[in-house]
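For the sequence shown, position 309 (counting from the first letter as 1) is numbered 311 according to this note's numbering, and the numbering increases by one without interruption.
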Amino acid sequence: MKSNSNGILSLVSLGPGDFSQMTGAAQQALQSAEVIIGYQVYIDFITPLLRPEQEIIRSPIGRELERAEQAVELAYAGRQVAMISSGDIGIYAMASPIFELLQQRQWSGSKPEVVVYPGVSAIQASAAKLGAPLGHDFCTISLSDLLTPWPVIERRLQAAAWGDFVIGFYNPRSKQRDWQLQRAVDILQAYRAGTTPVAIIRNVTRPDEQIDLTTLADFDPAVVDMFTLVLVGNSQSYFLGQRIVTPRGYTAAETSNQETAEKMEASVPQEHAQEQWGDGLYPLTLNNMRHVQAVVVGGGPVGQRKVEGLLKSGANVRLVSPEVTATLQTLAETGQIDWVKRPYQSGDLMGVQLAFAATNQRAVNKQVALEASNAGLLCNVADQPEDGNFHVPAVHRQSNIIVAISTVARAPKQAKVIRDKIQVCLENVTVEKGQ
Numbered sequence: 003m004k005s006n007s008n009g010i011l012s013l014v015s016l017g018p019g020d021f022s023q024m025t026g027a028a029q030q031a032l033q034s035a036e037v038i039i040g041y042q043v044y045i046d047f048i049t050p051l052l053r054p055e056q057e058i059i060r061s062p063i064g065r066e067l068e069r070a071e072q073a074v075e076l077a078y079a080g081r082q083v084a085m086i087s088s089g090d091i092g093i094y095a096m097a098s099p100i101f102e103l104l105q106q107r108q109w110s111g112s113k114p115e116v117v118v119y120p121g122v123s124a125i126q127a128s129a130a131k132l133g134a135p136l137g138h139d140f141c142t143i144s145l146s147d148l149l150t151p152w153p154v155i156e157r158r159l160q161a162a163a164w165g166d167f168v169i170g171f172y173n174p175r176s177k178q179r180d181w182q183l184q185r186a187v188d189i190l191q192a193y194r195a196g197t198t199p200v201a202i203i204r205n206v207t208r209p210d211e212q213i214d215l216t217t218l219a220d221f222d223p224a225v226v227d228m229f230t231l232v233l234v235g236n237s238q239s240y241f242l243g244q245r246i247v248t249p250r251g252y253t254a255a256e257t258s259n260q261e262t263a264e265k266m267e268a269s270v271p272q273e274h275a276q277e278q279w280g281d282g283l284y285p286l287t288l289n290n291m292r293h294v295q296a297v298v299v300g301g302g303p304v305g306q307r308k309v310e311g312l313l314k315s316g317a318n319v320r321l322v323s324p325e326v327t328a329t330l331q332t333l334a335e336t337g338q339i340d341w342v343k344r345p346y347q348s349g350d351l352m353g354v355q356l357a358f359a360a361t362n363q364r365a366v367n368k369q370v371a372l373e374a375s376n377a378g379l380l381c382n383v384a385d386q387p388e389d390g391n392f393h394v395p396a397v398h399r400q401s402n403i404i405v406a407i408s409t410v411a412r413a414p415k416q417a418k419v420i421r422d423k424i425q426v427c428l429e430n431v432t433v434e435k436g437q
């Protein structure tokens with residue numbers, strides 16, 4: 003075939019592994035090329051799409067730079083070249099080394115012509131299979147330290163965990179790299195609940211596709227290989243059947259605030275609100291607690307009371323404390339809470355909605371309160387309630403009734419006495435829906 007004197011270098015994305023997921027433009031680029039260059043496994047995959055007269059250059063794994071150099075040389079020589087990669091060629095693939103070589107040659111931007119054909123990436127295909135795991139902020143991290151020093155990767159892991167991103171792990175594990183994924187899990191477990199959804203997706207969209215769902219606590223890195231993408235949810239992600247959902251927040255923003263306001267207005271006449279509740283206080287009830295991540299700092303009796311109350315509401319609880327009561331230890335051992343066995347440190351509040359400072363150390367509680375305030379979180383401070391922005395009332399629960407008694411955090415024992423008296427009055431009271 004006669005060469006084009008200007009040369010064309012097409013960077014073609016093959017998608018995740020099913021021809022139906024490859025774009026029409028990418029298939030057309032393959033058909034138009036004189037020379038096809040790629041990893042031998044990918045060449046075998048696209049063989050049914052190629053013409054007999056096309057020149058095919060296969061190369062083994064580990065020869066990425068050599069492939070890139072061949073493609074650039076041929077394009078500069080005036081050939082029409084297609085460099086292929088699975089997924090999207092711009093994501094952990096061949097586009098980057100190609101452009102690095104072009105920079106070294108002081109490429110003009112036009113000769114040879116370079117066209118990038120995007121594709122469905124592994125994380126996009128995996129997300130589609132899972133439902134809506136990428137509904138909020140997310141990132142991808144490659145755990146391969148062949149080209150990136152591990153300390154750099156670990157800093158990124160810490161930042162992503164601290165920032166509560168949904169994370170997609172590329173190149174998670176190989177025979178030679180068998181410890182990095184476990185280290186990543188250890189980092190995440192310091193920030194996220196053991197119930198955090200995890201998906202293990204192998205060979206997505208291919209005939210031998212396999213998808214397994216588990217949790218951060220039960221995840222076993224040994225089942226993962228280089229053909230696998232591991233997706234870890236954030237603090238808001240949850241299972242829905244065999245799917246994973248990370249809420250965007252529209253429903254809560256549009257309905258929860260309005261419903262709460264309407265209920266409060268109906269139950270407390272405006273003209274008596276200040277008289278009943280005191281200056282600067284506004285009582286409310288939090289709903290959908292099963293999707294709330296709370297952290298309790300302090301493993302003594304006060305921390306235990308906070309944990310027990312949160313568990314009754316259905317919240318996900320992470321406890322940060324070097325030592326805990328026997329009851330809290332049992333809750334941790336039975337998987338009802340996540341225990342971070344160390345003193346509190348900066349960053350422990352990332353990814354949570356409720357914070358409780360319940361240690362017997364004023365300096366620690368003050369640090370928790372300050373970091374919660376800076377992050378805009380709801381925070382309860384046991385030893386100095388005014389440092390926080392909410393306090394926990396004495397609560398009586400029975401079928402369809404919740405009664406909360408507060409003495410504005412000034413006399414909690416008296417609040418419990420009042421609660422117990424009310425409980426006696428409500429022993430024979432029932433509430434039916436619609437009454």
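Each residue gets a CB set at the ideal place from its N, CA and C atoms; glycine is no exception.
Can you tell me which of the three DSSP states M291 falls into? Position 289 of the sequence shown holds residue 291. In the structure shown, the three-state DSSP call for M291 is helix.
Determine whether the beta carbon atoms of V168 and V247 lie at a separation below 8 Å. Numbered from its first residue, the sequence shown carries residue 168 at position 166. Numbered from its first residue, the sequence shown carries residue 247 at position 245. No; because the gap between Cβ atoms is not below 8 Å, this pair is not in contact.
Whole-Å CB distance - D340 paired with A195, under 8 Å assumed: Along the sequence shown, one-based indexing puts residue 340 at 338. Along the sequence shown, one-based indexing puts residue 195 at 193. Right, the Cβ-Cβ distance comes to about 5 Å (below 8 Å), so this counts as a contact.
Does the segment 112–120 touch the segment 150–164, meaning 3 or more C-beta pairs lie closer than 8 Å? no
Looking only at DSSP bridge pairs, what is R320 linked to? Here residue 320 refers to the residue found at position 318 of the sequence shown. Its beta-bridge partners are V297 and D340.
Can you list, in chain order, the residues of its chain with a C-beta nearer than 7 Å to that of R250? Leave out the 5 residues immediately preceding and following it. Position 248 of the sequence shown, counted from the start, is the residue given in the question as residue 250. G137 and H138.
Which partner residues of T327 appear in the DSSP bridge assignment? Sequence index remark: in the sequence shown, residue 327 carries index 325 (1-based). The partner list for T327 (beta bridge, DSSP) is empty, contrary to what the question assumes.
Are at least three pairs of beta-carbons, each pair with one atom in the segment 195–209 and one in the segment 220–239, less than 8 Å apart? yes
Roughly how many whole angstroms lie between the Cα atoms of A130 and A27? The residue you call residue 130 lines up with position 128 of the sequence shown. The residue you call residue 27 lines up with position 25 of the sequence shown. Their Cα atoms are separated by approximately 22 Å.
Spatial neighbours of V97 within its chain, please: CB distance less than 8 Å, with the 5 preceding and 5 following residues excluded, ordered by chain position. Working through the sequence shown from its first residue, we reach residue 97 at position 95. Per the sequence shown, residue 97 should be read as Ala rather than Val. Counting only Cβ-Cβ distances below 8 Å, and skipping sequence neighbours, we find L13, S87, I91 and V118.
To the nearest angstrom, how far is the alpha carbon of S258 from that of L286? As a first step, residue 258 is located in the sequence shown; it is residue number 256 there, counting from the start. As a first step, residue 286 is located in the sequence shown; it is residue number 284 there, counting from the start. Annotation note: pLDDT 46 at S258 (below 50); position unreliable, no value reported.
Nonlocal neighbours in the same chain, by C-beta distance under 6 Å from S176, ignoring five residues either side: Sequence index remark: in the sequence shown, residue 176 carries index 174 (1-based). M228, listed in sequence order.
Does DSSP classify R60 as helix, strand or coil? Counted from its first residue, the sequence shown places residue 60 at position 58. In this structure, R60 counts as strand in the three-state DSSP scheme.
Beta-carbon proximity of G353 to Y240, cut-off 8 Å: Counting from 1 along the sequence shown, the entry for residue 353 is found at position 351. Counting from 1 along the sequence shown, the entry for residue 240 is found at position 238. Contact flag unset, no.
Do you know how far the Cα of G390 is from the Cα of H398? The residue you call residue 398 lines up with position 396 of the sequence shown. The residue you call residue 390 lines up with position 388 of the sequence shown. In a straight line, the C-alpha of H398 is about 23 Å away from that of G390.
Can you tell me the Cβ-Cβ gap for A506 and A359, rounded? I've got them flagged as a contact below 8 Å. Here the chain has residues from 3 to 437 only, and residue 506 is not among them.
What does the Cβ neighbour count give for L11, buried or exposed, with the cut at 16 atoms within 10 Å? Taking the first residue of the sequence shown as 1, we reach residue 11 at position 9. Per the 10 Å Cβ criterion, buried.
Assign E429 to one of two classes, buried (16 or more other C-beta atoms within 10 Å of its C-beta) or exposed (fewer than that). Taking the sequence shown and counting its residues from 1, the one referred to as residue 429 is at position 427. Burial call: exposed.
For the candidate residues V187, Q244 and Q191, whose alpha-carbon lies nearest to that of Q212? Here the question's residue 212 lines up with position 210 in the sequence shown. The shortest C-alpha separation from Q212 is found at Q244.
Please identify the residue among P223, R65, L76 and A124 whose C-alpha is closest to the C-alpha of I93. The sequence position of residue 93 within the sequence shown is 91, counting from 1. If we check each option's Cα against that of I93, A124 comes out closest.
Nonlocal neighbours in the same chain, by C-beta distance under 6 Å from A127, ignoring five residues either side: Taking the first residue of the sequence shown as 1, we reach residue 127 at position 125. Within the same chain, A127 has close Cβ partners P18, V206 and T207.
Ordered along the chain, which non-local residues of its own chain (more than five positions away) have a Cβ less than 6 Å from that of A77? Reading the sequence shown from its first residue, position 75 is the one you call residue 77. Excluding positions up to five away in sequence, the list reads G9, L11, V83 and P114.
Decide if G121 is buried, meaning its Cβ has at least 16 other Cβ atoms within 10 Å, or exposed. Numbered from 1 along the sequence shown, position 119 holds the residue referred to as residue 121. By the beta-carbon neighbour count (other beta carbons within 10 angstroms, threshold 16), G121 is buried.
Evaluate G40 with the Cβ neighbour count: other Cβ atoms within 10 Å of its Cβ, from every protein chain shown; 16 or more gives buried, anything less gives exposed. Residue mapping note: residue 40 aligns to position 38 of the sequence shown, counting from 1. Buried is the call here.
Would you list, in sequence order, the uninterrupted beta strand (DSSP E) runs of no fewer than 3 residues that lie entirely inside the segment 69–117? 82–87
With DSSP as the reference, please indicate the residues paired to V234 in a beta bridge. Within the sequence shown, the letter at position 232 stands for residue 234. I169 and V200.
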